[in-house]
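Enquirer:
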Amino acid sequence: MRGVLGAFRELDAAVSAIEALKKGKLGAIHVFTPTPRHELEHVLDPGPSPVRKYTLIGGLCGVTFGYWIAIWTSDYWPLVVGGKPIASWVPYTIFGFEVMVLIGALSTVAGLFINARIPRLTMMVGYDPRFSHGDYGIWVECPPDKARTAEDLLREHGAVEVRLER
Amino acid sequence: MATLSQPLPARDEPRRPNIATADIQLPAVRDYEQVDREIVGTLHPTVAWFIGLGIAVMFLLIGIAAWMYQIYSGLGVAGYNPPVMWGVYIISFVFWVGIGHAGTLISAILYLFRAGFRTTIYRCAEAMTVFAVMTAGLFPVLHLGRPWKFFWLIPYPNWRYIWPQFKSPLVWDVFAILTYLTVSSTFLYIGLIPDIAVLRDRENISPIRKRIFSVLSLGWRNTDREWRHFARAYLFLAAFSTPLVLSVHSVVSFDFAMALTPGWHTTIFPPYFVAGAIFSGIGMVFTIIIPLRKFFGLKHYVTINHLDAAAKLCLFTSLVVGCAYMTEWFVAWFSGNEFEQSFFANRIWGQWWWASAILYTCNMVLPLSLFSQRLRRNASWLFILSFTVNIGMWFERFVIVVPSLSHEFEPWQWTSYRPTWVDYAILAGSFGWFSMWFMLFIKQLPIIAIAEVKEIIRPKLRIQHAHGMTPAGEHFDFEPETPGEHD
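Taken in order, these protein sequences are the chains called A and B.
Each residue of the first sequence is one higher than the one before, counting from 88 in our numbering.
Each residue of the second sequence is one higher than the one before, counting from 6 in our numbering.
(1) For the stretch 92–108 of chain A, list every residue whose C-beta sits within 8 Å of some C-beta in chain B, in sequence order.
(2) Give the residues of chain B in contact with F218 of chain A, contact being defined as C-beta atoms less than 7 Å apart.
(3) Kindly identify the DSSP beta-bridge partner or partners of H95 of chain A.
(4) Quick one: grab the DSSP three-state call for I190 of chain A.
(5) Since L251 of chain A sits in a beta bridge, which residues does DSSP pair it with?
(6) According to a CB-to-CB cut-off of less than 8 Å, which residues of the stretch 441–462 of chain B neighbour chain A?
(7) So what's V168 of chain A in DSSP terms, helix, strand or just coil?
(8) Answer with buried or exposed for A237 of chain A, where buried requires no fewer than 16 other C-beta atoms within 10 angstroms of its C-beta.
(9) Going along the stretch 159–186 of chain B in order, which residues come within less than 9 Å of chain A, judged by CB to CB distance?
(10) Going by DSSP, what residues sit across from T228 of chain B in a beta bridge?
(11) Of the residues that make up the stretch 108–131 of chain A, which ones have a beta carbon closer than 9 Å to any beta carbon in chain B?
(12) Tell me N86 of chain B's beta-bridge partners as DSSP assigns them.
(13) Comparing the C-beta of F152 of chain A with each C-beta of chain B, is any distance below 8 Å?
(14) The ligand PLP heavy atoms versus the CB of S411 of chain B: any closer than 7 Å?
(15) Could you spell out where the alpha helix (DSSP H) holding A120 of chain B opens and where it closes?
(16) Check the Cβ-Cβ distances between V203 of chain B and every residue of chain A, and say whether any is below 8 Å.
(17) Could you name each continuous alpha helix (DSSP H) segment of 4 residues or more that falls completely within the stretch 142–198 of chain B, going from the start of the chain to the end?
(18) I want to see whether chain B comes within less than 8 Å of P178 of chain A, judged by CB atoms only; does it?
(19) Return the CA-CA distance between V130 of chain A and V102 of chain A, expressed in angstroms with no decimal places.
(20) Using DSSP with H/G/I as helix, E/B as strand and the rest coil, what is E401 of chain B?
(21) For R282 of chain B, which residues in the same chain have their Cβ closer than 6 Å to its Cβ, ignoring the five residues on either side in sequence?
(22) Can you tell which of B:I96, B:I76, B:L303, B:P451 has the C-alpha that lies nearest to the C-alpha of R151 of chain B?
(23) Confirm, please, whether the CB-CB distance from F300 of chain B to S4 of chain B is below 8 Å.
(24) Taking the C-alpha atoms as reference points, what is the distance between S385 of chain B and L371 of chain B?
(25) Do three or more CB pairs link the stretch 337–353 of chain B to the stretch 250–265 of chain B at distances below 8 Å?
(26) On the criterion of 16 or more Cβ atoms from any shown chain inside 10 Å, does I167 of chain B qualify as buried, or is it exposed?
(27) In the DSSP assignment, what are the bridge partners of E228 of chain A?
(28) Could you list the residues in the stretch 33–57 of chain B with a C-beta less than 8 Å from some C-beta on chain D, going in chain order?
(29) Using alpha carbons as the reference points, say which of B:P408, B:I309, B:R402 lies closest to I126 of chain B.
(30) Suppose you measure from the CA of R207 of chain B to the CA of V325 of chain B; what does that come to, to the nearest Å?
(31) My guess is that S391 of chain B and T322 of chain B are in contact by the Cβ rule of under 8 Å, so how many angstroms apart are they, rounded?
(32) Could you please give the first and the last residue of the uninterrupted alpha helix (DSSP H) stretch that includes G59 of chain B?
(33) Among B:Y37, B:T109, B:A70, B:V89, which residue has its Cα nearest to the Cα of V290 of chain B?
(34) Determine the direct distance from the alpha carbon of P32 of chain B to that of L223 of chain B, and round the result to whole angstroms.
(35) For A316 of chain B, go through chain A and note every residue whose CB falls closer than 8 Å to its CB, in chain order.
(36) Report the start-end ranges of each alpha helix (DSSP H) in the stretch 285–353 of chain B that is 4 residues or longer and not cut off at the edges.
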C-alpha cells in the first residue's frame, strides 16, 4: 500500500486538508485522531455503521435461545412445580431477556471487531504513536504519480510533517 | 464515547446533547499533553499504594483462612440458627450486587442521557461494578455446603440428563449475575481500548509492558474507521447495560419476593431493590473517588461540581428508598394481614429495633443533609456520608433477610441470629478481595478515561475561533457552548 502521510497539530488544518484532498480525488483518505471529533465526521461524511445489524441479529438469536433452552429442558424432564404449566412463559421471559442482552452485547463487540478490523497484529502503514496523544494524521492512498500533488496539498494546509510511505 | 456517531443536522444544533465543554467542566485542563501527562502519571506505584495493597491482601487471606475452616468444619460454624438459614453470606451477596449498580448507572445510563459530569468519574465506577459483581458472585458459592458443586446451577448437557429447575429464582440469579458480569466487563474493556493504546504509545515504556499493552489494545490505531464503529458499538453496549441494571437487582429481589415469608412477599421489592442498589453504589463511588482525587492530585478533573452532581443523584435515590420503606409500612398496616403487621412491629419496635434504627438513620435521615448545597460541595462530608450509606445499606439487607426468617408464621419457630467470627472474617475477606482488585487496577490502567476527557477539551486550532463546515456547507463555531450551561 503506497501513499502519503501528513501530520497536523491543529484540527482545523486537518479538516481543510481533507476537504482539499477530497476535491482533488487523489485516493482513499484515512484519518488518525486521538479522539473522535464531529468536525472530522462532517468532512469525511461516512455512512452509517453496520454494527447495528450485528446487535439486532445477536439480540434476536439470544432471545430465541433463552426461551428455547428453558422450554426444551422443561419438556425434557417434565416436573410440575406449584401447579404451573411445564413451559411457563412468564418466568422464562427472564431467560429470554438475559440471554438476549448477553448474546446481543457479544455480537455488538464482534461487529466492532469485524468492521474496525481489530484485533490487528501489525500497525497500519503510516501509523505514528503521536496520533494517540494529540496530533492528527491524514494518510492518502495514492499511486506515485499523484503523490507529489498530495504532498503539496498537505503542506499547503499546514502539515508539520509529510512523508511518503510504502 | 461522549459523542454521537452521526453529527446532528444543522437545524438541531441548538438542541444538541448536553455535553459541557472542558472550559466549563474542567477549567484547569488545557490541552491533550496535560491530560496524558497527569492521568498517566497516576500509574507510578508509591509506598502508600503498596501499603494499601498489602492491607487488602491481608484481609483477603483472613477471609480465605476462615473459608478453609468452614469447609473443614461444615456450615455450622457460620452462625446459622434454623430457620434463619440465610445470614451474612446472602446479605453480603445482595449488598455487593447492589454496589455494582451505580457503576453501570454512571457509565451507561448517564451516557445515554448525555450527563456531562459522568466523564471523569465513570471509569472508576465501571471498574467498581466489575469488581463488586466478582465479589458478589463468591457469596452464593460460600453459602453452599459443598461449594465444589456450584456448577450444577449452570445448564449444561450431562450424563444424568437432568437440568436446573428453570422456575427457581436461584437459577434466574445465575443467569442474571453471569450476564451482568460478562456485559459489564465487556463494557469496561471496550472503553479502555483507546486508553490502552495511549499507554502503549508512550515513550520510556519497558518492552514487556509495551508488548502487554499492544496485545490488550488489539492493535488500535485511532483511525476514523475505528472510532466510527467504536462509537456505535459503545452506544449499543450502553443501551444493553441500561435495562440490565434494572433487571439484575429485580431478579435478585425475586429470591425473596417469590417466597411466602412475611416481609418478603411483596410486589414493591424489584423497584425498591433497584433504587437501594443505586443508592448504595453511589455511596461506594464517593468512598473510592474522594480519596483517589486527593492522593492522585486529580481535583481539577473530578471537581467539586462533579461531586455536587453525584450528590444530587445520591439524595434522589435516598428519597426513593425512603419512600419504599414508608410504602412497606403502609402496605403492612393497610393489608390487615396480622402476620405482616406482627412481623413489621417486631422489625421496628421488637427484636430487631436496633438494626432498623441504623438502617433508617443512615439511609433516610443523614442523606437529607444533601439538601444543603454547602454540604453537597463538601468532599469531607460526602466521604463520611458515604460510609454511613454503605453501613446503612448493608443493614437494610440484614433487616430484609434475618428478621423475616426469625419471625415467620409459627411462634414456636421464632428465634434469633448472631453471626460468628467466621461470618465476620469472610465479610472482611470480601472487602479485601474487592480492594485488592481495585488497587491493582488503579496502578495498571487509567482511572479517568483519557480519550473522553480529550473529547471535551477545545482542540488545538491554527486560527483561534476558526470555523468548520456543516453538512449544508454553512460555517459553525468549533465546540459551541451548550445552551444554559452558564445559568
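Glycine included, C-beta positions come from ideal geometry on N, C-alpha and C.
All figures in this text were calculated on a predicted structure; none of them were measured in a lab.
Expert: Reading from the atomic positions:
(1) R96, E97, L98, D99, A100, V102, E106
(2) N227
(3) First, the residue type needs correcting, since residue 95 of chain A is Phe and not His in the sequence shown. F95 of chain A is bridged to A:Y223.
(4) helix
(5) A:V91
(6) A456, E457, K459, E460
(7) coil
(8) buried
(9) P160, Y166, I167, W168, P169, Q170, F171, K172, S173, P174, V176, W177, F180, A181, L183, T184, Y185
(10) A:F119
(11) I116, H117, V118, F119, T120, P121, T122, P123, R124, H125, E126, L127, E128, H129, V130, L131
(12) B:V89
(13) no
(14) With respect to the ligand PLP, the structure offers nothing, as it holds no ligand at all.
(15) Note, A120 of chain B: premise wrong, no alpha helix (DSSP H); not H, not E.
(16) yes
(17) 143–147
(18) yes
(19) 7 Å
(20) helix
(21) Inspection of the sequence shows that residue 282 of chain B is occupied by Ala rather than by Arg. G103, H106, H254, listed in sequence order.
(22) B:I76
(23) Because chain B in this structure spans residues 6 to 492, residue 4 of chain B falls outside the shown range and cannot be described.
(24) 14 Å
(25) no
(26) exposed
(27) A:G90, A:A115
(28) Here the protein chains are A and B, and chain D is not one of them.
(29) B:I309
(30) 46 Å
(31) The pair is not a contact, with the Cβ atoms about 13 Å apart (cut-off 8 Å).
(32) 52–78
(33) B:T109
(34) 33 Å
(35) Here the premise fails: no neighbours, minimum Cβ distance about 29 Å.
(36) 309–340, 343–353
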